[in-house]
Amino acid sequence: MKYKPLKLLALGFLATMSGVACSSKTQTETTEAEVSKPNIIVIYMDDLGYGDVSAYGATEINTPNMDKLANGGIRFTNGYASSATCTPSRYALLTGMYPWRNKNAKILPGTAPLLISTEQMTLPKMLKEQGYYTGIVGKWHLGLGNGNVNWNEKISPSPNEVGFDYSHILAATQDRVPTVYIEDGHVVNLDPNDPIEVSYSKNFEGEPTGKDNPELLTMRWHHGHNNSIVNGVPRIGFMKGGESAKWSDVDMADHFLAKAQDYVKAHKDEPFFLYYALQQPHVPRTPHPRFEGKSGMGPRGDVILEADWCVGEFMKTLEEEGLLENTLIVFSSDNGPVLNDGYYDDAVEKLGDHTPAGPLRGGKYSLFEAGTRVPFMVYWKDKIAPQVSDALVCQMDLLNSMADLVGSDQKDLDSKNLLDVFMGDSQEGRDELVLEATSRTALRQGDWIMIPPYKGAAVASQVNIELGNDSEYQLYNLKDDIGQQNNLAASNPEKLKAMVADYNQIRGNENTEVEALELK
Ligand code: NG6
Ligand code: CA
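Sequence positions in the sequence shown follow my numbering and run 43 to 562.
Here it is in structure tokens:
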């Protein structure tokens with residue numbers, strides 16, 4: 043395989059390796075680019091659903107730039123985030139470990155300590171060891187510091203201590219304080235005379251809140267989200283000071299895009315890794331005025347169009363810099379879709395015929411498919427043949443697969459080496475995958491999914507999403523029943539028994555007690 047044994051290629055084994063025969067080029071035509079390590083980019087969306095992309099069947103919204111990746115590369119139909127919420131999915135993506143092995147891998151407040159141990163293997167760390175320059179631009183949400191961050195000093199540990207040479211991030215989520223950008227551990231544009239204080243337990247005296255000062259709001263809160271107000275938007279958590287450092291919500295997409303473009307331009311002459319983590323379409327949905335009203339679907343649709351434009355602009359930069367032929371790009375989302383996630387923003391009212399989850403049941407927070415099955419594509423110009431793949435793959439698998447690609451012998455972890463699948467040379471993905479949603483887990487195995495019984499509401503009423511809870515075991519054949527309408531547990535006792543046994547074996551006793559769900 044021409045892409046695989048890069049170390050060997052570099053050592054000049056090219057002509058003698060039989061695998062190279064699949065290359066259409068002869069030895070003499072082989073370019074420098076092929077013997078060097080390809081750049082690797084992960085473009086990661088926040089809460090983008092399986093049905094939010096036109097290449098995945100959306101008809102009410104058009105995402106031409108995401109479609110170019112999907113139709114020009116591999117469009118996975120069984121591509122999963124590890125989890126139905128952000129923090130655990132990002133943990134798995136970066137560490138190659140199941141998030142349920144770490145009991146703290148849950149939606150984190152903005153003041154949470156760094157969730158990834160500085161001793162742990164990570165995707166950027168592995169690539170760094172192989173000579174890559176590594177960077178993150180965008181949403182982090184994996185904690186910072188050791189538990190008591192002073193936002194006015196260098197924040198450490200941060201992404202820079204778990205494998206990233208460069209970081210330009212928002213700490214948690216767009217709806218959580220602190221609402222500032224942090225670059226390499228320093229709050230950007232901070233005035234030392236106006237220090238930042240952050241608390242998730244109590245307000246700072248005299249500071250307005252969404253709860254007490256509705257007259258100051260440009261966006262109304264529906265549930266949660268009634269603490270400090272920044273740019274007229276009420277947030278989760280309290281913050282004081284740092285006026286000059288506060289981000290502009292409507293400019294955030296442009297801001298991260300420019301940083302991602304600058305990064306690529308600055309590092310184009312060395313192998314680089316970029317984790318470009320966009321904030322859309324997570325709440326608060328704050329499209330730039332250029333995109334306001336463009337989808338006819340309210341701000342949620344508008345920010346999807348905005349994100350699609352960002353992807354297009356970013357791809358243009360790669361093309362202009364001559365990087366497309368030597369860059370492998372993964373596009374995915376951290377969890378499934380949600381409409382009302384705490385603000386009144388017309389997401390429900392203006393949805394029309396759009397189906398953010400496509401044919402899938404559930405959504406963000408759900409153990410049903412729409413929680414974790416997400417748009418997932420891998421694109422590499424002229425190297426990966428366009429195709430649709432039904433192989434079962436998880437974002438967690440990128441670590442060991444990319445390791446194989448770049449010549450690292452990284453093998454441990456829950457991550458599986460599926461390089462052939464990600465290169466489109468095989469459709470044999472995982473045999474099984476444990477999926478997680480707000481600390482509950484289920485087993486996907488072949489075409490089947492088994493969801494153990496869970497107490498708790500069947501529907502999270504505030505977000506209006508079916509969570510997957512039932513007092514009985516659930517068993518679905520996803521090939522025949524992608525919408526999970528027919529529970530086959532009672533009619534297939536043997537299959538159920540076998541899957542429960544496998545589930546217990548994989549899942550073990552690690553952090554299995556499910557905490558009372560916050561969701562109402
Ligand atoms: C929830 C928030 C939700 C969102 C989510 C994290 C409330 C009531 N809801 O707790 O708005 O911020 O956390 O989303 O506060 S995630 O995509 O980062 O996991
Ligand atoms: Ca998310």
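All C-beta atoms in this analysis are idealised placements derived from N, C-alpha and C, irrespective of residue type, glycine included.
Model, not experiment: these values are computed from the prediction.
Express the C-alpha separation of Leu477 and Val542 in angstroms, rounding to a whole number. 14 Å
Look at the alpha carbon of Gly274 and the alpha carbon of Asp544, and state the distance between them as a whole number of angstroms. 50 Å
Taking just the CA atoms, how far does Thr129 sit from Thr68? Caution applies to Thr68, whose pLDDT of 41 falls short of 50 and renders its modelled position unreliable; the value that the coordinates give is listed next. Roughly 46 Å between the two C-alpha positions.
Thr369 in three-state terms, based on DSSP: strand
For Asp489, the nearest candidate out of Pro141, Lys497, Gly525 (CA to CA): Gly525 is the residue among Pro141, Lys497, Gly525 whose C-alpha sits nearest the C-alpha of Asp489.
In or out: Glu348 buried (at least 16 other Cβ within 10 Å) or exposed? buried
Give the secondary structure of Pro379 by DSSP, where H, G and I count as helix, E and B as strand, and everything else as coil. coil
Classification of Gln547 by the beta-carbon crowding that lies within 10 angstroms, buried from 16 upward: exposed
With burial defined as no fewer than 16 other Cβ atoms inside 10 Å of the residue's Cβ, what is the status of Arg415: buried or exposed? buried
Would you decide whether Gly510 is buried or exposed? Buried here means 16 or more other CB atoms lie within 10 Å of its CB. It is buried - the Cβ of Gly510 has at least 16 other Cβ atoms within 10 Å.
Beta-ladder partner(s) of Ser209, from DSSP: Paired residues: Ile178.
From the DSSP secondary-structure annotation, give me the bridge partner or partners of Thr251. Ser270
Tell me Cys436's beta-bridge partners as DSSP assigns them. Tyr122
What residues match up with Ala319 in a beta bridge as DSSP calls it? Tyr86, Gly180
Report buried or exposed for Asn202, applying the criterion of at least 16 other Cβ atoms within 10 angstroms of its Cβ. buried
Specify, as a first and last residue, the run of the alpha helix (DSSP H) that Glu355 falls within. It spans 341-362 - the alpha helix (DSSP H) in which Glu355 sits, taken as one unbroken run.
Ignore the nearest five residues each way along the sequence and tell me which others in Val435's own chain have a CB closer than 8 Å to its CB. Phe118, Asn120, Gly121, Tyr122, Phe418, Leu460, Val463, Phe464, Gly471, Arg472
Quick check: what's the CA-CA separation for Lys453 versus Gly466? 21 Å
Nonlocal neighbours in the same chain, by C-beta distance under 7 Å from Thr160, ignoring five residues either side: Pro199, Glu203, Val204
Assumed close pair Pro495, Tyr515 - CB separation to whole angstroms, cut-off 8 Å: 6 Å
How long is the line joining the alpha carbons of Asn82 and Gly338, rounded to whole angstroms? The question names Asn, yet the displayed sequence has Ile at residue 82. Near 35 Å, if we compare the C-alpha coordinates of Gly338 and Ile82.
Taking only heavy atoms of ligand 2 into account, decide whether any of them is closer than 8 Å to the Cβ of Asp89. yes
Thinking C-alpha only, which one of Pro276, Ile271, Ser270 is nearest His264? Pro276
Under DSSP, the beta strand (DSSP E) around Leu299 begins and ends at which residues? Segment 294-308 is the alpha helix (DSSP H) holding Leu299; no beta strand (DSSP E) there.
Among His324, Tyr175, Lys181, nearest to Glu312 - alpha-carbon criterion: Tyr175
Give the DSSP bridge partners of Glu474, in chain order. Gln487
Going by beta-carbon coordinates alone, are Gln429 and Ile211 separated by less than 9 Å? no
Closest to Ile371 by C-alpha separation, out of Gly266, Val84, Ser286, would be which residue? Val84
So, at 6 Å on beta carbons, what are the nonlocal neighbours of Val219 in its own chain, with the 5 sequence-adjacent residues on each side left out? Gly152, Val240, Ser270, Arg277, Gly279, Met281
CB-CB under 6 Å to Leu381, same chain, minus the five flanking residues each way: which ones, in chain order? Ala389, Val390
Please confirm if the stretch 86-94 is in contact with the stretch 318-335, defined as three or more CB-CB distances below 8 Å between the two stretches. Taking one beta carbon from each stretch, the stretch 86-94 and the stretch 318-335 have 3 or more pairs nearer than 8 Å; the two touch.
Is Val230 near Trp193, with beta carbons less than 9 Å apart? no
Name the DSSP beta bridge partners of Arg117, please? Met419, Val430
Straight-line CA distance for Lys181 to Asp523? 34 Å
Whole-angstrom C-beta distance between Leu232 and Ser286, which should lie under 8 Å: 7 Å
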